[in-house]
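Here is the structure we will look at.
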Amino acid sequence: MSEEQEGQAQNSQPSQENSQNPQNPQWQQNPQGYQNFSQPNPNNPYPPYGGGFGGMQMALPNATIVLVLGILSIVACCCFYGLVGVVLGVVALILSKKDKENYLANMNYYTLSSYKNLNAGRVCAIIGLILSGLILLLCIVFAIFFGFNTLTDEETLKQFLRELQ
Amino acid sequence: MKGIPVVFFLLLVGGGSGVIHWLENHLLSCPFKKWTGVDCPGCGLQRSFVALLKGDVWMSFKLYPATLPILALCIFTILHLKFDFKNGAFLIKLMYIFATVIIVTSYIYKIYHHQLF
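So the sequences go chain by chain: A and B.
Under our numbering, the first residue of the first sequence carries the number 1, and numbering increases by one thereafter.
Under our numbering, the first residue of the second sequence carries the number 1001, and numbering increases by one thereafter.
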């Protein structure tokens, strides 16, 4: 919902610029929106969003998703032997890597706060990944060393653990 | 979109005990615990959440100490995404690390005090 509103707000800005520069109809050529601005047109002296001072900047497209996934990765870290946490963490890391490159390539197009969000999400994803990876590793080590039978048989495992202590 | 929290709140207030009762009887069972009988680091989260819904903060803390930090983290994240606080991202990072430390510490405590099996 909020993304739609942002999109509408941004749509209005370049159309005004186009009316001022009729020889530069970049916006009309790219109706699918922001994805084009990851590769700015070198022939265009005026970046579509004003590029910094007073211009409209937009949030990184994946920042919110990365943050949410990173936080979910710790909530779900223990579901199904840590598998869910690992998957969420890896997805968040891949998405954030793409966006980080995007931001560093052209900083003026994206807001700083969304970059901070992205970094926070990245840190969360890394921590969640480590935690759930450790749990997964623990399960695998258990299964390999003590056999799958020990893991599935409650009594044997309890006895084993008592002997271990 | 705006109606969802309102409906949830009404459910909680109006038929509160019904919702809690339903939640209590429909907890997802942890496969690790089911197969091995040993707690995993996430065990207790749901019971703790139900205890919190009943208003028993101390019981919730005893069952799973990280519930309150995780809930606070989730709520703060939603607020931050909505209102974009100045140092929000940094605070989220801090709270996340805090929650992780609590989860790990409580699990080590459980192992140490033989509460696992």
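Note that CB positions come from ideal geometry on N, CA and C, so glycine has one too.
Close to chain A, meaning a Cβ-Cβ distance shorter than 9 Å, are the following residues of the segment 1039-1050 of chain B: C1040, P1041, G1042, C1043 and L1045. Under a criterion of Cβ atoms nearer than 7 Å, the residues of chain A adjacent to D1084(B) are, in order, S113.
If you check each beta-carbon in the segment 1061-1079 of chain B against every beta-carbon of chain A, the ones closer than 8 Å belong to I1070, L1073, C1074 and T1077. When the Cα atoms are used, F142(A) and Y81(A) turn out to be separated by approximately 12 Å. A straight-line Cα-Cα distance of about 23 Å links K1033(B) and I1020(B).
Residue pairing by DSSP places M58(A) opposite Y110(A) in a beta bridge. Contact of Y1109(B) with chain A is not assigned, every C-beta pair being separated by 8 Å or more.
Closer than 8 Å to the CB of K116(A) there is at least one CB belonging to chain B. Scanning its chain for C-beta atoms nearer than 6 Å, with the 5 sequence neighbours on each side dropped, one finds around Y1064(B) the residues G1044, L1045 and S1048, in chain order. Y103(A) does not reach chain B, its nearest Cβ partner there being about 14 Å away, counting only Cβ pairs nearer than 8 Å.
Taking all protein chains shown into account, I1075(B) has fewer than 16 neighbouring C-beta atoms within 10 Å of its C-beta and is therefore exposed. For Y109(A), no chain B residue has a C-beta closer than 7 Å to its own C-beta; the minimum C-beta separation is roughly 18 Å. Look at the beta carbons and you see the segment 95-103 of chain A not touching the segment 1057-1072 of chain B: under three pairs across the two are nearer than 8 Å. Runs of the beta strand (DSSP E) lying entirely within the segment 1029-1083 of chain B, each at least 3 residues long, are absent.
According to the DSSP assignment, G82(A) belongs to no alpha helix (DSSP H), since it is labelled neither H nor E. From the beta-carbon of V75(A), the residues of chain B found nearer than 7 Å are I1070. Of the candidates M107(A), I140(A), T111(A) and I130(A), I130(A) places its Cα closest to the Cα of L93(A). Residues of chain A with a Cβ closer than 7 Å to the Cβ of T1100(B) are, in chain order, I74, I127 and L131. In this model, D1056(B) and A1099(B) are separated by some 20 Å (Cα to Cα). From the listed residues C139(A), Y103(A), S132(A) and T111(A), the smallest Cα separation to L72(A) is found for S132(A).
In terms of beta-carbon proximity, I144(A) stays away from the interface with chain B, with every pair separated by 8 Å or more.
For A1089(B), the enclosing alpha helix (DSSP H) has its first and last residue at G1088 to Y1112. Taking CB atoms only, L1027(B) has no neighbour in chain A less than 8 Å away. Identification of chain A residues near Y1096(B) by a Cβ-Cβ cut-off of 9 Å yields G70, I71, I74, A120, V123, C124, I127 and G128, ordered along the chain.
Between the alpha carbons of L83(A) and G89(A) lies a gap of roughly 10 Å. L1068(B) and F1061(B) have their C-alpha atoms roughly 8 Å apart.
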